[in-house]
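**Q**
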Amino acid sequence: MLQRASEVASYLLDSKDVHIVTHIDADGITAGAIASETLRRLKKRYSIECVKQLDEVTLQRLIREDHELVWFTDLGSGITTQYPELRKIITDHHECPLESDVPFHLNPHLFGRDGSFELSGAGATYLVSRAVSEKNRDLSSLAIVGAIGDLQDRRFCELRGLNAEIVKDGVEAGVLQTVRDIRYFGKETRPLTKLLQYASDPLIPGVSGREDASVAFLQELQIELKQKDSWRSWVDLRKEEKRRVISAIVQMLLSKGFGYQVASRVLGETYLLCREEEGTELHDAKEFATLLNSTARYGQYEVGLQVCLGDRGKWLKEALNLLSGHRHNLVEGLQFAREEKIQKRTYVQYFHAGDGIRDTIIGIVTNMMLNTEEVDKGLPLIGFAHTENGEVKVSARATQHLVDRGLDLATALTRAAQEIHGVGGGHNIAAGATIPKGKEEEFLQCVEREIKLQLVS
Ligand SMILES: [Mn+2]
Numbered sequence: 120m121l122q123r124a125s126e127v128a129s130y131l132l133d134s135k136d137v138h139i140v141t142h143i144d145a146d147g148i149t150a151g152a153i154a155s156e157t158l159r160r161l162k163k164r165y166s167i168e169c170v171k172q173l174d175e176v177t178l179q180r181l182i183r184e185d186h187e188l189v190w191f192t193d194l195g196s197g198i199t200t201q202y203p204e205l206r207k208i209i210t211d212h213h214e215c216p217l218e219s220d221v222p223f224h225l226n227p228h229l230f231g232r233d234g235s236f237e238l239s240g241a242g243a244t245y246l247v248s249r250a251v252s253e254k255n256r257d258l259s260s261l262a263i264v265g266a267i268g269d270l271q272d273r274r275f276c277e278l279r280g281l282n283a284e285i286v287k288d289g290v291e292a293g294v295l296q297t298v299r300d301i302r303y304f305g306k307e308t309r310p311l312t313k314l315l316q317y318a319s320d321p322l323i324p325g326v327s328g329r330e331d332a333s334v335a336f337l338q339e340l341q342i343e344l345k346q347k348d349s350w351r352s353w354v355d356l357r358k359e360e361k362r363r364v365i366s367a368i369v370q371m372l373l374s375k376g377f378g379y380q381v382a383s384r385v386l387g388e389t390y391l392l393c394r395e396e397e398g399t400e401l402h403d404a405k406e407f408a409t410l411l412n413s414t415a416r417y418g419q420y421e422v423g424l425q426v427c428l429g430d431r432g433k434w435l436k437e438a439l440n441l442l443s444g445h446r447h448n449l450v451e452g453l454q455f456a457r458e459e460k461i462q463k464r465t466y467v468q469y470f471h472a473g474d475g476i477r478d479t480i481i482g483i484v485t486n487m488m489l490n491t492e493e494v495d496k497g498l499p500l501i502g503f504a505h506t507e508n509g510e511v512k513v514s515a516r517a518t519q520h521l522v523d524r525g526l527d528l529a530t531a532l533t534r535a536a537q538e539i540h541g542v543g544g545g546h547n548i549a550a551g552a553t554i555p556k557g558k559e560e561e562f563l564q565c566v567e568r569e570i571k572l573q574l575v576s
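In our numbering, the protein residues as written are 120 to 576.
1) Does ligand 1 have a heavy atom nearer than 7 Å to the CB of His224?
2) Let me know the secondary structure DSSP gives Lys405 once reduced to three states.
3) Using DSSP bridges, identify the partner residues of Lys345.
4) Flag this pair as yes or no: are the beta carbons of Ser514 and Gly541 separated by less than 8 Å?
5) Are the beta-carbon atoms belonging to Ala241 and Ala124 less than 8 Å from one another?
6) Assign Asn486 to buried or exposed, taking buried as 16 or more other Cβ atoms, counted over all protein chains shown, within 10 Å of its Cβ.
7) From the DSSP output, in three-state form, read off Phe580 for me.
8) When the distance is taken between beta carbons, is Trp353 closer than 8 Å to Leu311?
9) Relative to ligand 1, is the shortest distance from any of its heavy atoms to the C-beta of His186 smaller than 7 Å?
10) Is it the case that the Cβ atoms of Thr297 and Glu406 are separated by a distance below 8 Å?
11) According to DSSP, which residues form a beta bridge with Cys169?
12) Check whether the Cβ atoms of Ser219 and Asn226 lie closer than 8 Å to each other.
13) Is it the case that the Cβ atoms of Ala531 and Val575 are separated by a distance below 8 Å?
14) Phe83 by DSSP, collapsed to three states: which one?
15) Run through the DSSP bridge pairs and tell me what Asp300 is partnered with.
16) Quick check: the segment 407 to 420 against the segment 432 to 445, are at least 3 beta-carbon pairs closer than 8 Å?
17) Just reading off the beta strand (DSSP E) that Ala367 is part of, what are its end residues?
18) Enumerate in chain order the residues of its own chain whose CB-to-CB distance from Val467 is below 7 Å, with the five nearest sequence positions on each side excluded.
19) Can you tell me the Cα-Cα spacing of Asp331 and Gln370, whole angstroms?
20) Out of Thr491, Val176, Glu156, Glu493, which has the shortest C-alpha to C-alpha gap to Lys254?
21) Looking at Gly541 and ligand 3, is the gap between the Cβ and the nearest heavy atom below 7 Å?
22) Return helix, strand or coil for Arg320, following the three-state DSSP convention.
23) Can you tell me whether Ile539 is helix, strand or coil according to DSSP?
24) Cα-Cα, which of Gly305, Glu395, Ile139, Tyr379 is closest to Asp355?
25) Is the segment 131 to 146 touching the segment 183 to 195, taking contact as three or more C-beta pairs under 8 Å?
26) Just tell me which of Glu359, His186, Thr553 has its CA closest to the CA of Ala535.
27) Confirm the yes/no value for this check: CB of Asp193, any heavy atom of ligand 1, distance under 7 Å.
28) I'd like to know whether the C-beta atoms of Glu239 and His213 end up nearer to each other than 8 Å.
29) With respect to the beta strand (DSSP E) encompassing Ser514, which residues constitute its N-terminal and C-terminal limits?
30) Would you say the segment 355 to 367 touches the segment 255 to 272, given that touching needs at least three Cβ pairs under 8 Å?
31) DSSP on Phe377, reduced to helix/strand/coil?
32) When you compare the segment 281 to 295 with the segment 388 to 397, are there three or more beta-carbon pairs, one atom per stretch, that lie closer than 8 Å?
33) For Gly280, does the three-state DSSP call read helix, strand or coil?
34) What are the start and end residues of the beta strand (DSSP E) that includes Tyr202?
35) Around the Cβ of Gly268, are there at least 16 other Cβ atoms within 10 angstroms (buried) or fewer (exposed)?
36) By DSSP, does Arg329 sit in helix, in strand, or in coil?
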């Protein structure tokens, strides 16, 4: 695989002008930032754009623009053998067929690695960057933000495989630090009560989803919620206080019969960007990834990109503005999905948000929904939302347990979408598709047929 990274790097070295095309999520933005910075350091000319997906319209435009070289990051694995007129390199981690094995394509799946947790799009891009120059090891922290943005630490509560090697690079380069800590979101910037209220993996029974209950839970443990006039966040707690909270959560889970495996998920490896200031949205990789999502998902990828490239002035300020909007939209989206009610079928369950949730955050909301107490974990969850151009965006999420039993959402969604003239792809545990409006029922039937086959074989 490192051999392939060097091969891909040589295409870059041979080009003068490169156009980067990347995906509109945290992994895509960090991938795009790594690609941009690599080219800047090489003193090449470059340009960059972010897209929701690689559709025919985008590809035809790229062909017309007649770029010397197009670098697809965190997408593109679906078009390796097509569009020969497009001079391209691809650093991606989405599932791909084996005929995608061409010299300009770096993808962990081609090397027997699982792109859902061993390497992200930013990680694949980083491997090429490192092959260009060892000096680019400082970009490893962005690769880890990308991996965390794609929830690649979820399976083992830590990063493994090639991701773990990238973490090592980051530690050696002095840009990353790993800490075993509570895994919940918002350790640095959220008030403690919010950290527990929104705790989802694992849920805290009786506490998650309820503000009053999380306040009571902390008060019972005699944890001060405020320091002078400001709310304390997780990083403000003393070691002993952290231990008290963690053990109370673990006890609570065990006493409610969740078992050791679930309870042990409270703790995991967390990743800190040690050149960033503690207590900011940029210090913890998970929070950094969310900050980036709140830019790209609203068409403001330039903002996230500039923050990745080091801006701590006006772009960061703008990113923080977008973040508060994003948080608000997620809370509303989750509320909306709850009210829509989930429809259960034999092999899937689904909800249709219509125009109620933006298509660019339907995946995040579907994932949050699957992690709520009221949703059945025995079936994959599908969320539908209308897109701006009259199509339907589909997001599907499942548990690791179902994947271990043979579920592969990427294959199921790809095949089902194809049958109704849509496009699909992704990973075994999380996948997406875009389909024509009005075809939802037909699509669900195809998905169910595929999943049935996967779970019996
Ligand atoms: Mn990705």
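From the three backbone atoms N, C-alpha and C, an ideal C-beta is built for every residue, glycine too. Since the model is a prediction, treat every value here as computed from it, not as a measurement.
**A** To lay it out plainly:
1) As a first step, residue 224 is located in the sequence shown; it is residue number 105 there, counting from the start. Because no heavy atom of ligand 1 lies under 7 Å away, the Cβ of His224 does not count as near it: no.
2) Within the sequence shown, numbered from 1, the residue matching residue 405 stands at position 286. In this structure, Lys405 counts as helix in the three-state DSSP scheme.
3) Stepping through the sequence shown from its first residue, residue 345 is reached at position 226. The partner list for Lys345 (beta bridge, DSSP) reads Trp350.
4) In the sequence shown, residue 514 corresponds to position 395, counting from 1. In the sequence shown, residue 541 corresponds to position 422, counting from 1. Against a cut-off of 8 Å, the Cβ pair of Gly541 and Ser514 comes out as no contact.
5) Against the sequence shown, residue 241 aligns to sequence position 122. Against the sequence shown, residue 124 aligns to sequence position 5. For Ala241 and Ala124, no; Cβs fall outside 8 Å.
6) Within the sequence shown, numbered from 1, the residue matching residue 486 stands at position 367. Asn486 comes out buried.
7) The requested residue 580 is not part of the displayed model; the chain covers only 120 to 576.
8) The sequence position of residue 311 within the sequence shown is 192, counting from 1. The sequence position of residue 353 within the sequence shown is 234, counting from 1. Against a cut-off of 8 Å, the Cβ pair of Trp353 and Leu311 comes out as a contact.
9) The count along the sequence shown starts at 1 and reaches residue 186 at position 67. Flag unset: Cβ of His186 not near ligand 1.
10) The residue given as residue 297 occupies position 178 in the sequence shown. The residue given as residue 406 occupies position 287 in the sequence shown. Contact flag unset, no.
11) Locating residue 169 in the sequence shown gives position 50, counting from the first residue. The partner list for Cys169 (beta bridge, DSSP) reads Thr141.
12) Counting from 1 along the sequence shown, the entry for residue 219 is found at position 100. Counting from 1 along the sequence shown, the entry for residue 226 is found at position 107. A contact, by the Cβ cut-off of 8 Å.
13) By 1-based counting over the sequence shown, the position of residue 531 is 412. By 1-based counting over the sequence shown, the position of residue 575 is 456. It is not a contact, given that the beta carbons lie outside the stated cut-off.
14) This structure does not reach residue 83, given that the chain is present from 120 up to 576, and the question cannot be answered.
15) Position 181 of the sequence shown, counted from the first residue, corresponds to residue 300. Asp300 is bridged to Gly387.
16) The answer is yes - the segment 407 to 420 touches the segment 432 to 445, with three or more Cβ pairs under 8 Å.
17) Taking the sequence shown and counting its residues from 1, one reaches residue 367 at position 248. Note, Ala367: premise wrong, no beta strand (DSSP E); alpha helix (DSSP H) at 358 to 374.
18) Reading the sequence shown from its first residue, position 348 is the one you call residue 467. Excluding the 5 residues flanking it on each side, Val467 has same chain C-beta neighbours closer than 7 Å at Leu498, Pro499, Ile501, Leu563, Val566, Glu567, Ile570, in chain order.
19) Your numbering for residue 331 matches position 212 in the sequence shown. Your numbering for residue 370 matches position 251 in the sequence shown. Answer to the nearest angstrom: the Cα atoms are 20 Å apart.
20) Locating residue 254 in the sequence shown gives position 135, counting from the first residue. The option with the nearest alpha carbon to Lys254 is Glu156.
21) Ligands displayed in this structure: ligand 1; ligand 3 is not among them.
22) Stepping through the sequence shown from its first residue, residue 320 is reached at position 201. Here residue 320 is Asp; the residue named in the question, Arg, does not match the sequence. Residue state, collapsed to three classes: coil.
23) Position 420 of the sequence shown holds residue 539. Note: Ile539 maps to coil in three-state DSSP.
24) Counting from 1 along the sequence shown, the entry for residue 355 is found at position 236. Cα-wise, what sits closest to Asp355 is Gly305.
25) Because the criterion of three Cβ pairs below 8 Å is met, the segment 131 to 146 and the segment 183 to 195 touch.
26) As a first step, residue 535 is located in the sequence shown; it is residue number 416 there, counting from the start. Checked all of Glu359, His186, Thr553; the closest Cα to Ala535 is Thr553.
27) Position 74 of the sequence shown, counting from 1, holds the residue named residue 193. Answer for Asp193: yes, Cβ within range of ligand 1.
28) Within the sequence shown, the letter at position 120 stands for residue 239. Within the sequence shown, the letter at position 94 stands for residue 213. Note that residue 239 is Ser in the sequence shown here, rather than Glu. At least 8 Å separates the beta-carbon of Ser239 from that of His213.
29) Residue numbering aside, residue 514 sits at position 395 when the sequence shown is read from its first letter. It spans 510 to 516 - the beta strand (DSSP E) in which Ser514 sits, taken as one unbroken run.
30) No, the segment 355 to 367 does not touch the segment 255 to 272.
31) To locate residue 377, count along the sequence shown from 1; it is residue 258. Of the three classes helix, strand and coil, the one that applies to Phe377 here is coil, per DSSP.
32) Cβ pair count under 8 Å is three or more, so yes.
33) As a first step, residue 280 must be located in the sequence shown, where it is residue number 161. DSSP places Gly280 in coil when its eight states are reduced to three.
34) Here residue 202 is taken as the residue at index 83 of the sequence shown, counted from 1. That residue, Tyr202, is in no beta strand (DSSP E); it is neither H nor E in DSSP.
35) In the sequence shown, residue 268 corresponds to position 149, counting from 1. When all chains shown are included, Gly268 counts as buried.
36) Counting from 1 along the sequence shown, the entry for residue 329 is found at position 210. Of the three classes helix, strand and coil, the one that applies to Arg329 here is coil, per DSSP.
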